[in-house]
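Q:
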Amino acid sequence: MTELEAIRARHAVRKYTTKPLSPVLIDGLKEEIEQCNRMGQLHIQLVTEDEGAFESFVPLFGRFKNVKNYIALAGKKQGDFYVKCGYYGARLMIKAQQAGLNSCFVTNTYNAKKCLVSLVPEEELVGVIAIDYGAADGTQHKSKGIESLCRPCSDKWFIDGMNSAVLAPTGLNRQNFFIEANGNAVSIHTKDNSPMSQIDTGIVKYHFEIGAGKKNFSWA
């Protein structure tokens, strides 16, 4: 399964089975996380066999069930920290999908105090990604039309990028972003600069890159 195929197949899943992750699968996730941490200067961590972060917690969009494995998105709050958390979080979700797992990006509806994450001074936990074998594969979220999310551009790579970007999970599925191209320079705008919007920016950027192909453009 390619990354683009994984993007198309991945949907938010909140109910999981009790099937354990294999040691090989865990090692593969840890290796991918290490790469993301090196490239993004983050402190992302894999937590396994822990139900505390989601125990007896009723989120806005339905109850989570059997969440015992998750990726904690953390690091020092500096520069474009939130954007990086979204970007590399998206990459890890897609890698998990390629490995046969389901996932859900969570920023508010979990118990951060019970999250088994190791933080050093000046580090912040911004959210987690529930990962495990889903009880089902989830369903496609409702999406805005591409024409309302970008300035028209006829280049195939841009259209392919937008077709991928609209599949990106965003806060409350609001898709509060707008993408435009000036030649091969692409920019993304959000309605505000809140941490959630910055996280969404990172998630959307990764999805756009996979669809458009990084060789075809650069971020403005």
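Residue numbers (the UniProt record's numbering): 1 to 220. Even glycine gets a Cβ: it sits at the ideal position worked out from N, Cα and C.
Assign K215 to one of two classes, buried (16 or more other C-beta atoms within 10 Å of its C-beta) or exposed (fewer than that).
A: Here residue 215 is taken as the residue at index 215 of the sequence shown, counted from 1. Its Cβ having fewer than 16 others within 10 Å, K215 is exposed.
Q: Select from N108, I71 and V117 the residue whose C-alpha is nearest the C-alpha of K95.
A: Residue mapping note: residue 95 aligns to position 95 of the sequence shown, counting from 1. Comparing Cα-Cα distances from K95 to each of N108, I71 and V117, the minimum goes to I71.
Q: Note down the Cα distance separating L60 from F177, rounded to an integer number of angstroms.
A: Locating residue 60 in the sequence shown gives position 60, where the first residue counts as 1. Locating residue 177 in the sequence shown gives position 177, where the first residue counts as 1. Confidence is the limiting factor: at L60 the pLDDT is only 49, short of 50, which leaves the residue's position unreliable, though a coordinate-based value still follows. Near 22 Å, if we compare the C-alpha coordinates of F177 and L60.
Q: Return the bridge partner residues of S103 from the DSSP annotation.
A: On the sequence shown, residue 103 is found 103 positions in, with the first residue counted as 1. Beta-bridge pairing links S103 to A12 and I131.
Q: Quick check: the Cα distance between G145 and A165, rounded to an integer number of angstroms?
A: As a working mapping, residue 145 is identified with position 145 in the sequence shown. As a working mapping, residue 165 is identified with position 165 in the sequence shown. Looking at the two C-alpha atoms, the distance is approximately 11 Å.
Q: Between R63, D155 and W157, which has its C-alpha nearest C104's C-alpha?
A: Stepping through the sequence shown from its first residue, residue 104 is reached at position 104. Selected option, being the one with the closest Cα: R63.
Q: Taking three-plus beta-carbon pairs below 8 Å as touching, is the stretch 178-185 in contact with the stretch 147-155?
A: A contact exists between the stretch 178-185 and the stretch 147-155.
Q: If you measure between the beta carbons of G127 and D200, is that distance less than 8 Å?
A: The residue labelled residue 127 in the question sits at position 127 within the sequence shown. The residue labelled residue 200 in the question sits at position 200 within the sequence shown. The answer is no: Cβ separation not under 8 Å.
Q: Going by C-alpha distance, which of T107, G161, G79 and D132 is nearest G100?
A: As a first step, residue 100 is located in the sequence shown; it is residue number 100 there, counting from the start. Selected option, being the one with the closest Cα: D132.
Q: Is the number of C-beta pairs between the stretch 24-34 and the stretch 105-119 that are closer than 8 Å three or more?
A: No contact exists between the stretch 24-34 and the stretch 105-119.
Q: If you run the structure through DSSP and keep just helix, strand and coil, what is Y82?
A: Here residue 82 corresponds to residue number 82 of the sequence shown, with the count starting at 1. Of the three classes helix, strand and coil, the one that applies to Y82 here is helix, per DSSP.
Q: Could you pull out every residue in the same chain whose Cβ sits closer than 7 Å to the Cβ of C36, ignoring the five residues on either side in sequence?
A: Reading the sequence shown from its first residue, position 36 is the one you call residue 36. L42, I44, Y88, R91 and L92.
Q: Alpha carbon to alpha carbon, how far is Q98 from K191?
A: One-based indexing of the sequence shown puts residue 98 at position 98. One-based indexing of the sequence shown puts residue 191 at position 191. In a straight line, the C-alpha of Q98 is about 32 Å away from that of K191.
Q: Using alpha carbons as the reference points, say which of G134, V24 and P169 lies closest to T17.
A: As a position in the sequence shown, residue 17 is number 17, starting the count at 1. The shortest C-alpha separation from T17 is found at G134.
Q: Go through its chain and collect everything with a Cβ distance to A112's Cβ below 7 Å, but skip five positions before and after it.
A: As a position in the sequence shown, residue 112 is number 112, starting the count at 1. The answer, listed in chain order, is L125.
Q: Buried or exposed: which applies to L167, given that a residue is buried once 16 or more other Cβ atoms fall within 10 Å of its Cβ?
A: Position 167 of the sequence shown, counted from the start, is the residue given in the question as residue 167. Buried, by the Cβ-count rule.
Q: If you count every other CB in all the chains shown that lies within 10 Å of the CB of R10, and 16 or more means buried, which is it?
A: Here residue 10 refers to the residue found at position 10 when the sequence shown is read from its first residue. So R10 counts as buried.
Q: Can you tell me whether DSSP reads F54 as helix, strand or coil?
A: Here residue 54 refers to the residue found at position 54 when the sequence shown is read from its first residue. Looking at F54 - three-state DSSP - the assignment turns out to be helix.
Q: Can you tell me which of A212, S187, I203 and G213 puts its alpha carbon nearest to the alpha carbon of A220?
A: On the sequence shown, position 220 is the one that residue 220 refers to. It is S187 whose Cα lies nearest to the Cα of A220.
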